[in-house]
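Visitor: Protein sequences appear in the order of chains A and B.
Note that the numbering used here has the first sequence beginning at 7, numbered continuously upward.
Note that the numbering used here has the second sequence beginning at 73, numbered continuously upward.
Take this structure first; my questions come after.
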Amino acid sequence: MSTLSLAVRDSSTMLRRNLLHARRYPSLTLNLLLTPIMLLLLFVYIFGDVLSTGIGGADRSDYVAYLVPGILMMTIGGTVIGTAVSVATDMNEGIIARFRTMAIHRGSVLVGHVVGSVIQCVASVVLVGAVAVAIGFRSTDATALEWLAALGLLALFSLALTWIAVGMGMVSPSAEAAANSAQPLILLPLISSAFIPADTMPGWFQPIAEYQPFTPAIETLRGLLLGTEIGNNWWIALAWCVGLTVLGYRWSTASFNRDPK
Amino acid sequence: MTTTTDALAISATGLRKAYGDKTVLDGIDLAVPTGTIFSLLGPNGAGKTTAVKILSTLVTADAGELRVGGHDLAVDPQSVRAEIGVTGQFSAVDGLITGEENMLLMADLHHLSKQEGRRTAAELLERFDLAEAAKKPASTYSGGMKRRLDLAMTLVGGPRIIFLDEPTTGLDPRSRHTMWGIIRELVSGGVSVFLTTQYLDEADELADRIAVLNDGRIAAEGSAEELKRLVPGGHVRLRFTDPAAYQSAAVALREVTRDDDALSLQIPSGGSQRELRSILDWLDATGIEADELTVHTPDLDDVFFALTGGAAVPNQPKENVR
């Protein structure tokens, strides 16, 4: 069997294993969905009127439109915490030692986790998106192409955060430690333009909010779905995605190839 | 027995491994002829698991010429992996999925066809008495069941060389004997087994050759019989509480080993009924009444004291009684 077909075959076996885990024990993934959904409902129904005025909107529905792109990105950040936890759990299991002593494609363990995680991210985004639509979110003028680009951006962002989360899971000694180190991935959206525009934040803080990975991705998604100004956000978002993917990939594979203790 | 590399399933020359400044394996040599059971015997922390991890490609050695299944470990680990199966000290099963799913996972990773995979999985589950529990998550299995599933998973790919790292540690006696039976069956099928254990009786029961690993070095190597000849024989130990009684007994029983600190005497004995009776008769005849009498048969401890001098261990005879 050629190296490529071996890689594909073993990786899809590992993917099936991870999806089986996720299907058998959905509570971890579903729990992680609670945070973005709660924040969505909280900010719309409790703080919505005030915040709507703050962004210059007429009523609450304007704020729903503003908020949803950020919540969707936050959903990805939340879902990959689960990835970090399951990678860390896996690495502490004897089964990984068994995989390492088998004549299988070396990278398939990680690829299985990564593809599984991206699939879970997209599924989570669809679920949270459905809640958003249920409470009144509508895309104003997105064309089919823009929808496609939005989906592509969400998938790419999922891939980038997944690799980072896999790296965090690899170097964490336990599932708890992995959950802690991945925590920033769901907290970063709080200091992005997800909830309020970056230019309403204190001046010294604006650069941090504007250039962290979430803001450009959120602004690009907002532009695609709602027709707001994207500006140079799209390429900053792309650069972040590619950069984080490469960094996470290098980090994860280096720690996987290191001798286990 | 030939000594060409092909006749050896596993060979190691000058195997070294250190973690930081702690040397775990200090230049060991091993040779396992094809189709035999080789046992690496040693106490906890002797380096047994490290040796298995290195020979099974999990960890890289610091130095040494290592060949497994005819392939050089340093040059071609992937070919080594295709030949071996590893069952570790801690069960390498996926607890989140069922026993059957674990087996099918292995079948997929060995690139068996769907049909062949199902057949192999079902056969092995049946053979290892796991068919009934096949649909239950592996995390719910007992220790013995997990070990059996672990070994069944190892066999899916039909490995020619199998590493068993302490396969019976923590098992109850019945599961232990079941595991021994399984291991014997494997070898009759022609595979080579590299077994680590801390039990002398296990090595005695199963292994063709035994190497005693102590403190990162091979302290002795040979068949079970050869090793036992190195061990001081069994003895009967008499313990006294009254120093006067101890002294008079020590004088009366000339051919004994004295331990003045513990007020105890050791009389060489194989521990058979006949020998015990003659010792008791002798004691009665000389009017000695010990406060405690224990029969001591050779065990792993004795092997180590014989091989390492036992200087660091208290309450042990410092010279051979035989």
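The beta-carbon is built from N, C-alpha and C at its ideal position, and this holds for glycine as well.
Since this is a predicted model, take the numbers as computed values, not measurements.
Pick out whichever of B:G230, B:E173, B:A291 has its Cα sitting closest to the Cα of V265 (chain B).
Guide: The shortest Cα separation from V265 (chain B) among B:G230, B:E173, B:A291 belongs to B:G230.
Visitor: Is it right to say S180 (chain A) is buried, meaning 16 or more other beta carbons lie within 10 angstroms of its own, or is it exposed?
Guide: Looking at its Cβ environment, which holds fewer than 16 other Cβ atoms inside 10 Å, S180 (chain A) is exposed.
Visitor: Take V393 (chain B) and list the residues in its own chain whose beta-carbon comes closer than 6 Å to its own, dropping the five residues that flank it on each side.
Guide: Reliability fails at V393 (chain B), whose pLDDT of 37 lies under 50, so the model's placement of it is uncertain and the value that follows must be treated cautiously. Result list for V393 (chain B): P304, H307, T329, Q338, P340, in chain order.
Visitor: Quick one: using the 10 Å Cβ neighbour count with 16 as the cut-off for buried, is L48 (chain A) buried or exposed?
Guide: Exposed: under 16 other Cβ atoms inside 10 Å.
Visitor: How would you label H3 (chain A), buried or exposed, when you count the other beta carbons within 10 angstroms and need 16 or more for buried?
Guide: Because chain A spans 7 through 267 in this model, residue 3 (chain A) falls outside it and cannot be assessed.
Visitor: Listed in chain order, which residues of the stretch 123-154 of chain B have Cβ atoms closer than 7 Å to some Cβ of chain A?
Guide: Within the stretch 123-154 of chain B, the qualifying residues are S128, T129, L130, V131, T132, Q150, R153, A154.
Visitor: Starting from I110 (chain A), find everything on chain B with Cβ-Cβ shorter than 7 Å and list it in chain order.
Guide: Here the neighbours are L181.
Visitor: When the Cα atoms are used, what is the spatial distance from L191 (chain A) to I87 (chain A)?
Guide: Spanning the two alpha carbons is a distance of roughly 7 Å.
Visitor: I'd like to know if R29 (chain A) contacts chain B, where contact means its C-beta is closer than 8 Å to some C-beta of that chain.
Guide: So no, R29 (chain A) is outside the interface.
Visitor: Please report whether the beta-carbon of V263 (chain B) lies at a distance below 8 Å from any beta-carbon of chain A.
Guide: No, V263 (chain B) does not count as interfacial toward chain A.
Visitor: Would D166 (chain B) count as contacting chain A if we go by Cβ distances under 8 Å?
Guide: Yes, its Cβ sits closer than 8 Å to a Cβ of chain A.
Visitor: Exposed or buried, D16 (chain A), counting other C-beta atoms within 10 Å across all chains shown (16 or more means buried)?
Guide: By the 10 Å Cβ count, D16 (chain A) comes out buried.
Visitor: Residues of chain B with CB under 7 Å from T107 (chain A), in chain order?
Guide: Within 7 Å Cβ-Cβ: S128, T129, L130, R153, I156, V158.
Visitor: Alpha carbon to alpha carbon, what distance is there between F163 (chain A) and G76 (chain A)?
Guide: Each residue's Cα considered, the two are about 12 Å apart.
Visitor: Counting along the chain, where does the beta strand (DSSP E) carrying I156 (chain B) start and finish?
Guide: It spans 156-159 - the beta strand (DSSP E) in which I156 (chain B) sits, taken as one unbroken run.
Visitor: Can you look up A383 (chain B) in the DSSP assignment and give me helix, strand or coil?
Guide: Confidence at A383 (chain B) is low in this model, with a pLDDT of 40, below 50, so the placement of that residue is unreliable and no value is reported for it.
Visitor: Going by CA-CA distance only, name the one from A:P32, A:G62, A:T95, A:A129 that's closest to V1 (chain A).
Guide: Because chain A in this structure spans residues 7 to 267, residue 1 (chain A) falls outside the shown range and cannot be described.
Visitor: So, for T251 (chain A): in the same chain, excluding its five sequence neighbours on each side, which residues have a beta-carbon less than 7 Å away from its beta-carbon?
Guide: So the list reads L165, A166, W169, once near-sequence residues are dropped.
Visitor: Starting from T170 (chain B), follow its DSSP beta bridges and name the residues at the other end.
Guide: Answer is B:P209.
Visitor: Answer yes if the stretch 59-73 of chain A comes into contact with the stretch 236-243 of chain A, meaning at least three C-beta pairs across the two stretches below 8 Å, and no otherwise.
Guide: The stretch 236-243 of chain A vs the stretch 59-73 of chain A: no contact.
Visitor: Quick check on the burial criterion: 16 or more other C-beta atoms within 10 angstroms. Buried or exposed for I169 (chain B)?
Guide: Per the 10 Å Cβ criterion, buried.
Visitor: Answer yes or no: does any C-beta atom of chain B fall closer than 8 Å to that of G54 (chain A)?
Guide: No - not a single Cβ of chain B is within 8 Å of the one on G54 (chain A).
Visitor: For a contact defined as C-beta to C-beta under 8 Å, what are the partners of E173 (chain B) on chain A?
Guide: Under the 8 Å cutoff, chain A gives L26.
Visitor: Can you have a look at K94 (chain B) and say buried or exposed, based on whether 16 or more other CB atoms are within 10 angstroms of its CB?
Guide: So K94 (chain B) counts as exposed.
Visitor: Curious, which full-length alpha helix (DSSP H) runs of at least 4 residues does the stretch 212-245 of chain A contain?
Guide: Fully enclosed alpha helix (DSSP H) runs of 4 or longer: 212-217, 220-232.
Visitor: Measure from the C-beta of A103 (chain A) to each C-beta in chain B and report whether the shortest distance is under 8 Å.
Guide: It does; some Cβ of chain B falls within 8 Å.
Visitor: Give me the residue from A:A150, A:T234, A:E235, A:L244 with the minimum Cα distance to F220 (chain A).
Guide: Checking every option, the nearest Cα to that of F220 (chain A) belongs to A:L244.
Visitor: Step through the CB atoms of chain A and report whether any lies within less than 8 Å of the CB of I282 (chain B).
Guide: Judged by the 8 Å Cβ criterion, I282 (chain B) is not in contact with chain A.
Visitor: Quick check on this structure: which residue in B:A118, B:L202, B:Q161 has the alpha carbon closest to the alpha carbon of E173 (chain B)?
Guide: Ranking the options by Cα distance to E173 (chain B), first place goes to B:L202.
Visitor: Going along the chain, which residues of its own chain have a beta-carbon closer than 6 Å to the beta-carbon of L177 (chain B), five neighbours each way excluded?
Guide: Result list for L177 (chain B): empty, nothing under 6 Å.
Visitor: Assess contact between the stretch 112-128 of chain B and the stretch 250-270 of chain B, defined as three or more Cβ pairs (one per stretch) separated by less than 8 Å. Is contact present?
Guide: Yes, the stretch 112-128 of chain B touches the stretch 250-270 of chain B.
Visitor: Compute the Euclidean distance between the alpha carbons of R23 (chain A) and T85 (chain A), then round it to the nearest angstrom.
Guide: Each residue's Cα considered, the two are about 18 Å apart.
Visitor: Decide if K218 (chain B) is buried, meaning its Cβ has at least 16 other Cβ atoms within 10 Å, or exposed.
Guide: Classification for K218 (chain B): buried.
Visitor: How many Å lie between D134 (chain B) and D144 (chain B) at the Cα?
Guide: In a straight line, the C-alpha of D134 (chain B) is about 14 Å away from that of D144 (chain B).
Visitor: Have a look at B:I282, B:T240, B:V147 and flag the residue whose alpha-carbon is nearest the alpha-carbon of F110 (chain B).
Guide: Considering only alpha carbons, the answer is B:I282.
Visitor: What separation, rounded to the nearest whole angstrom, lies between the Cα atoms of A384 (chain B) and D276 (chain B)?
Guide: Note that A384 (chain B) scores a pLDDT of 41, beneath 50, so its modelled location is shaky; the value from the coordinates is reported in the next line. The alpha-carbon atoms of A384 (chain B) and D276 (chain B) are separated by roughly 26 Å.
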